[in-house]
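Accompanying notes for the structure given below.
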Amino acid sequence: MPVSVALAQFVIAQAQRRASILEIPVAIALADPAAELIGCLRSDGASADLLDRAMHSVQSAARGHFTRSGCRHPLGHGIALLPAWRSEPSAPTSYQAILAVTAEDPHAADAIASGALCDVEAFAERHRHQLSDD
5 MPVSVALAQF VIAQAQRRAS ILEIPVAIAL ADPAAELIGC LRSDGASADL LDRAMHSVQS
65 AARGHFTRSG CRHPLGHGIA LLPAWRSEPS APTSYQAILA VTAEDPHAAD AIASGALCDV
125 EAFAERHRHQ LSDD
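Take a look at the structure:
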């Protein structure tokens, strides 16, 4: 399932929000399973080099995670997998995109990427509950 523009914007916005809370300049990139860049952002104060690194990281991670059977790209280092939306939490997880956050502080990049992913998953869970209440 391709990533919608709205979801891509939401993921990038959540990462940007977390970076602004920490007051850390970052570059953010999102790619699909085919390693095609979906979107990217460079926050105020982030160097152009950070953006280049984010785009390279997300595409390398997508190629390593999605295209080589049995070979997983090591996650961490500001890399997070975006799971596909599931109507049931027990349904098998598949991934629809990969997020990369780069910052001068790699620990901050990890925290921002994983935090943004948690925000997206919390939103999906609320949406799932709303659907089940209908």
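Per the working numbering, residue 5 is the first one in the sequence shown, and the count goes up by one each step.
Ideal Cβ positions, reconstructed from N, Cα and C, are used throughout, including at glycine.
- Bounds of the beta strand (DSSP E) holding A107 are Y99 to A107.
- Its Cα nearest to that of A50, the residue I28 stands out among I28, G43 and M59.
- Beyond the five residues adjoining it in sequence on each side, L26 comes within less than 8 angstroms, by CB distance, of A112, A115 and I116 in the same chain, given in chain order.
- The Cβ neighbour count for S61, taken over all protein chains shown within 10 Å, is at least 16; the residue is labelled buried.
- Between the C-alpha atoms of A33 and G43 there is a straight-line separation of about 6 angstroms.
- Taking the Cα of A104 as reference, the smallest distance to any Cα among S94, A84 and L121 is reached at A84.
- DSSP, read as helix, strand or coil, puts V15 in helix.
- Nearest to G80 by alpha-carbon distance, out of D56, A107, Q18 and S94, is A107.
- Contact annotation: Q18 and A120 have beta-carbon atoms nearer than 8 angstroms.
- Ranked by how close their Cα comes to the Cα of I102, the residues S118, S24 and D53 have S118 in first place.
- V62: not part of any beta strand (DSSP E); member of the alpha helix (DSSP H) spanning A52 to A66, first to last residue.
- According to the DSSP secondary-structure assignment, I42 is paired through a beta bridge with no residue.
- For R21, the number of other beta carbons within 10 angstroms of its own is below 16, and it is reported as exposed.
- In this structure, the straight-line span from the alpha carbon of P37 to that of R57 is close to 18 angstroms.
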